[in-house]
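Asker:
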Amino acid sequence: MSVQIHQSWAEKLHGEFEKDYFQKLKETIKKEIQAGKPIYPEGKKIFAAFNDTPFDAVRVVIIGQDPYHGAGQANGLCFSVNAGVSIPPSLVNIFKELQSDLNLAAPGHGDLKKWAKQGVLMLNAVLTVRKNEAASHQGIGWEIFTNKVIEILDAEKENLVFLLWGNYAQAKGKIISAAKHYILKSGHPSPLSANKGKWFGNKHFSKCNTFLESNGYEPIDWLIN
Numbered sequence: 313m314s315v316q317i318h319q320s321w322a323e324k325l326h327g328e329f330e331k332d333y334f335q336k337l338k339e340t341i342k343k344e345i346q347a348g349k350p351i352y353p354e355g356k357k358i359f360a361a362f363n364d365t366p367f368d369a370v371r372v373v374i375i376g377q378d379p380y381h382g383a384g385q386a387n388g389l390c391f392s393v394n395a396g397v398s399i400p401p402s403l404v405n406i407f408k409e410l411q412s413d414l415n416l417a418a419p420g421h422g423d424l425k426k427w428a429k430q431g432v433l434m435l436n437a438v439l440t441v442r443k444n445e446a447a448s449h450q451g452i453g454w455e456i457f458t459n460k461v462i463e464i465l466d467a468e469k470e471n472l473v474f475l476l477w478g479n480y481a482q483a484k485g486k487i488i489s490a491a492k493h494y495i496l497k498s499g500h501p502s503p504l505s506a507n508k509g510k511w512f513g514n515k516h517f518s519k520c521n522t523f524l525e526s527n528g529y530e531p532i533d534w535l536i537n
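Each residue of the sequence shown is one higher than the last, beginning at 313 in the working numbering.
#1: In chain order, what residues of the same chain lie with their CB nearer than 8 Å to the CB of Lys349, ignoring the 5 residues before and after it?
#2: Please give me, in chain order, every unbroken run of the beta strand (DSSP E) with length at least 3 that falls completely inside the region 345 to 400.
#3: Are the region 392 to 412 and the region 494 to 510 in contact at 8 Å, needing three or more beta carbon pairs?
#4: For Lys484, which option in Asn514, Val438, Val397, Gln319 has the closest C-alpha, if you only look at C-alpha atoms?
#5: Within 10 angstroms of the Cβ of Leu535, are there 16 or more other Cβ atoms? Answer buried if so, exposed if not.
#6: Starting from Phe512 and walking both ways along the beta strand (DSSP E), at which residues does that stretch end?
#7: Could you give the distance in angstroms between the alpha-carbon of Phe517 and the alpha-carbon of Leu475?
#8: Quick check on Asn444: does DSSP put it in helix, strand or coil?
#9: If distances are taken between C-alpha atoms only, which option among Glu470, Pro366, Glu530 comes closest to Ile317?
#10: Using a 10 Å radius around the Cβ and a threshold of 16 neighbouring Cβ atoms, would you call Gly451 buried or exposed?
#11: Since Leu465 is in the beta strand (DSSP E), which residue starts that stretch and which ends it?
#12: Distance, Cα to Cα, Glu525 vs Ser502?
#13: By how many angstroms is the C-alpha of Phe512 removed from the C-alpha of Tyr352?
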């Protein structure tokens, strides 16, 4: 696993790549690949969230958990799938909330790169997964790395919007300063949570844009087309 990451992030995170935990993480993934175990997303997309959203561009952060583990699904952005791939249930519910909140029609695909290109960092807490084995790369070091990412964002920026959906993301967000940033919390968009009334109606997309505009920033165009 080679680190292919935008220069702006490489400058912020260069110290992490040399640390023991990251070297062990790389070795773990390398051994699995050598053993013939497919790893998602493919190598050049592992750091897609950082390459699509350079450090200086970040205005909004969405924290996910793991990449999708089905063939062809993961593209390096949390909740996102490649165009042409069936839209997963959680993303279906995200699109339903968008329609309810902003009256945006549901798209025909689930590639969220348009959001990333506007400054929405689509950050999974764990950046890789073995094929058909959900959460298989939790605990190998990615959480340390992405905690550092959040710490740097918290320390060096102000007035970011953090969208924390579900208990996992909210636990990850405990290192974010509410005095410096706008933190929106709700249940996870998965059917289990959404159908219990913990997701629908959160209006996070309009609340995010209201905050951005009130602080002199352009709103996010959430329409996927």
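We put the CB at the ideal spot given by N, CA and C, even for glycine.
Answerer: Here's the rundown:
#1: Arg442, Lys443
#2: 372 to 376
#3: yes
#4: Val438
#5: exposed
#6: Unbroken run through Phe512: none, as it is neither H nor E.
#7: 9 Å
#8: coil
#9: Pro366
#10: exposed
#11: Looking at the DSSP string, Leu465 is not in any beta strand (DSSP E); the run it does join, the alpha helix (DSSP H), is 454 to 468.
#12: 29 Å
#13: 29 Å
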